[in-house]
Structure formats: C-alpha cells, structure tokens
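Read left to right, the sequence shown gives residues -17 to -1, 1 to 444 (mature numbering (1 follows the signal peptide of the UniProt record, and there is no 0)).
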Amino acid sequence: MGACLALPCSIASCASCLCGSAPCLLSSCCPSTYNSTLSRLAFSFLLLLGTLVSIIMILPGMEDNLKKIPGFCVGSSNIPFIEGKVNCDIIVGYKSVYRMCFAMACFFFLFSIIMIRVRSSKDPRAAIQNGFWFFKFLILVGITVGAFFIPDGVFTTVWYYFGVVGSFIFIIIQLILLVDFAHSWSQSWVQKAEEGNSKAWYAALLTVTFLNYALAFSAMVLFYIYYTKPDDCTEHKVFISLNFIFCIIVSIVAILPKVQDAQPSSGLLQASLISLYTMYLTWSAMTNNPNKVCNPSLLSLVQPSSTTPPPGPIPTQAPGQVQWWNAQSIVGLVIFLFCTLYASIRSSNNSQVNRLMQTEEGTGLTSGMEATPGEDGMIRAVDNEEDGVTYSYSFFHFSLLLASLYIMMTLTNWYMPNSDYEAMQTTKPAVWAKICSSWLGLALFLWTLVAPLVLPDRDFS
C-alpha cells in the first residue's frame, strides 16, 4: 500500500488520507484503482503486518523478552512434562502468537459488526471503512497491547478451539477463492485463444492442466509410500484413497456434456487445481497426526538416518524443541498470502462464486474507470460504490477474522500450548478439521458444476 501513496504530498493531504474519510492518494503506479479495492488492500496489509509480528515472536532469540510478560510461565521458569522439563522458551512464543492473533480477530470482528448492512458509500459508516487509517492502526495496536495482559488460565485452551473452527471455515474460503481464480484463469485464456493464436493458448491451458494433475497424482503416490505402513496407518490409507476417488469424480463431472452446456466456464483446469489443493489438504492433515510412525518428519525423508531407530514411537524432535517452521506451515502461509491478495483485488465473472463470497460481478482492480486529479492536483481513488457496494464490508472483515485464526493455528502448527507437553503434541482435532474441510470443499466445487442442472429455473449465467 505504501508504494501507492503519493510521495509529493503536502502535510494537509497526507493528514486527510490518514486521519480523514477521503480516499488515500495515489501515485502514477496505481492510476485506475477503485476506493473499494484500495480499502481491501489496506485492511489486508494490516493483517499481513500482524502476521509478520507473529512470526517474529516465535523466532529464536525472542523468548527472553517474552518471558517477562506477566502470567506466561506462572510459578516456575520451567513447565513439567512426563519425565523431564520443557523450557518456557517453547511456550511463550506460542502464547504470544495466540494473543497477537486474538487482537487481530477482535479488530476485524469489531469492524464486521460495525459494517453490517452498509449498502453504498453514501452510508456514513462507509467513510469509516475507507478512511481513518491512522486511527485504525492505533486501535489495532491498543487491542494488541491489552491482549498481552489477559490472564493465562483457560484462555489458551478456549481460544485453541476457536482457532480450530475458524481455520476450518477459512480453508473452505480459500478453496472458494481458488475455484474463482481457476474460473477466471480459464475464461481469460480461452478468450485469448479465440481472439488470437488459438494453438498456443490452448497448448498452455492443456500444459497447466496436465501439470496440476501430474503433481496431484505424484503426491498421492508419495503419500502411500511415506505416510502409510503395510500393517498400520489405516486412517491415512482411507484419507488418501477417498480424496483421490473424489478428485476423479469431480474431474469427470466437470467435462460431462450436460454440465458443459449449462456451465460453459467449467473444465479440467478448475478440477485439476482443486484436485491439487485437495492433495495439499490431505498431506497437511497427515502431518498433524500425533502417531509419528505414520507421520515422519520431512527431514527424515530427505536425509534418512543410517541407524536403526529404537522400538516405539519415533519422535520428530527432542523434547523442548517444538518448532513451527516445517514444510506444511510454509506452504500454508504461501497459499494464505496468495488468497489474501487475490481476495483484495479479485474481479470475478462467476456468479455462483460471487454469491458465496458476497461480491458483485466484475468489480476489481482492472475495470475501466480512470482516476482523475483533484483540485489539489493529486490523483485519488475512484469511488465506485455510490450506487451500491461492490462487496459485503461485514463479510470481508469476517473473512479476515477467520484468516487471523488460520494464521494462529498455522504458526503454532495446530499445537495447543498447554502446560502438558504430551497434550501440546496431540493435534487430532487438526487432522479432522483439515480432512473434513477438503471433503466440504470438494462438495462446494461439485455444487458449482451441477447447480444449473439441479435448479434449472434459477439464473446461473
């Protein structure tokens, strides 16, 4: 967002942007940005800023400062577990992430409530949505500071279950955004193929589709090799097999003649991208399985040990060395960043996805209106919501609330920062949350394909 602020602005103009209800000033790098798009980008920037702070809190070297916070390690500098001790260094980072994400969730919940039923930019509350950024930042900082003074007690446990439920819903939202992206991607390339070099564009479309399916199939094979055992890991075998079968089903449905007639934008590109995302969710669920025999660490797969491990469960790390920085968390963060940015600038032509995401058709960054200089010579964002909002303000903030919970669970690897180390390692709820979200996501995608056939009297154009 900072790159789009006009550099040669006066103090009065900057004050109007930061403290008033006027749209932020733009430089020549964003000549056609809508007010609605810029506001979403700005709120997403606040979310990403909170995410960066959360990551910093769990980096090595921060624990000495975090341990000074009252109530984080009450009664002792060490927390007991089974036969040894887990140093407070492990716990304070996770608890700090919980409080940072709690503050972000409260911030977006507040705005979600305030913005209920805003119909156009003529509503006085729209000025709060699109301006007063300095005060919004101060509110977020104030809530964050207050969150660190919450007594520990049952807060961590209760907020953990909030995080599981919220993350489950956000994973579904991620899949909806990926469906939307795939629809827009396919429509764009098909249109270019019809207007220009058809062979090149259709070849590109076929290549990307084939690559997605190849990656999904390769992932399925690797899952069977590394995350199952001939006489164990039945749960993983069921997850992998079911999701593979479901991916085949939605791929076949996507190219059925009746579905193609009723839903011309459907195709294998969308199905291949959803299949690949489903395989990611399957892998992500298996990596949260507390049974380490069926859940080897990625490091052990890349650099297998030459010595025979002792009998019993295989620990992935020594006690007191719980870390979030693993492949599953990194991939989760990358997908989160992509979906957050896409949700801020999306311009969808898919009516069903627009209904699910409560946005209007074709109202993103790339529409044709040009921003014009004001009386002071500064270029400002175009107010494209005088006749009606282009997205639900309340639902957008609710989505960012869920994103805050998803970030909290991702950075803490879905562990419950409990005083009991063994309980901290037990992440069975995460396994079922991710697997069930993959099934529900596939069902939603299937519905976008068959809805025009099931409800022929409704307009799905």
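In this text, a Cβ means the ideal position worked out from N, Cα and C, and glycines have one as well.
If you draw a 10 Å sphere on the C-beta of A186, you find fewer than 16 other C-beta atoms in it, and that means exposed. Shown here, Y374 sits in a strand according to DSSP, grouped into three states.
Distances from the alpha-carbon of E369 to those of L158, N113, I390, A326 put N113 closest. Looking at the DSSP output, D215 bridges to K212.
Beyond the five residues adjoining it in sequence on each side, I232 comes within less than 8 Å, by CB distance, of L429 in the same chain, given in chain order.
In the DSSP secondary-structure assignment, Y207 is not bridged to any residue. Beta-bridge partners assigned by DSSP to T342: Y374.
Between V147 and A386, the CB-CB gap reaches or exceeds 8 Å. Burial check for R329: the Cβ neighbour count within 10 Å reaches 16 or more, so the residue is buried. In terms of Cβ geometry, L383 and F145 do not form a close pair [threshold 8 Å].
Taking the Cα positions, R102 is about 6 Å away from G371. Annotated three-state conformation of C277 is coil, per DSSP. The three-state reading of DSSP puts P439 in coil, since its state is none of H, G, I, E or B. The beta carbon of S169 sits closer than 8 Å to the beta carbons of L188, S248, G250, L252, Q253 from its chain, once the five residues preceding and following it are set aside; these are given in chain order.
Within a 10 Å sphere around the beta-carbon of R23 sit 16 or more other beta-carbons, which makes this residue buried.
For V433, same chain residues with a beta-carbon under 8 Å away, outside a window of 5 residues either side, are V236, V242 in chain order. As the crow flies, the alpha-carbon of I159 is around 30 Å from that of T217. Measuring C-alpha to C-alpha distances from Y263 to each of P213, L205, K411 identifies L205 as the nearest.
Straight through space, the alpha carbons of T270 and S312 are spaced by roughly 10 Å. For D163, the enclosing alpha helix (DSSP H) starts and ends at 138 to 178. DSSP places K119 inside the alpha helix (DSSP H), whose first and last residues are 116 to 130. Scanning F153, F193, Y376 for the CA closest to the CA of I111 turns up Y376.
Contact between S150 and M392 holds: CB atoms are separated by about 5 Å, below the 8 Å threshold. Residue state for L42 is assigned as coil, using DSSP reduced to three classes.
For D244, the enclosing alpha helix (DSSP H) covers residues 240 to 245. Looking from the CA of D163, the closest CA among K119, W397, L256 belongs to L256. Per DSSP, reduced to three states, the secondary structure at R102 is coil, with no helix or strand assignment.
Sequence-distant Cβ neighbours of A109 in its own chain, meaning closer than 8 Å and more than five residues away, are V101, S103, E368, V372, Y376. Between A199 and S267, the C-beta gap is not smaller than 8 Å, which leaves the two residues out of contact. The three-state secondary structure of K417, taken from DSSP, is helix. In the structure shown, P107 falls within a helical segment according to DSSP collapsed to helix, strand and coil. Here DSSP, grouped into helix, strand and coil, assigns T265 to helix. T323: member of the alpha helix (DSSP H) spanning 310 to 328, first to last residue.
With a 10 Å radius around the Cβ and a threshold of 16 neighbouring Cβ atoms, K182 comes out exposed.
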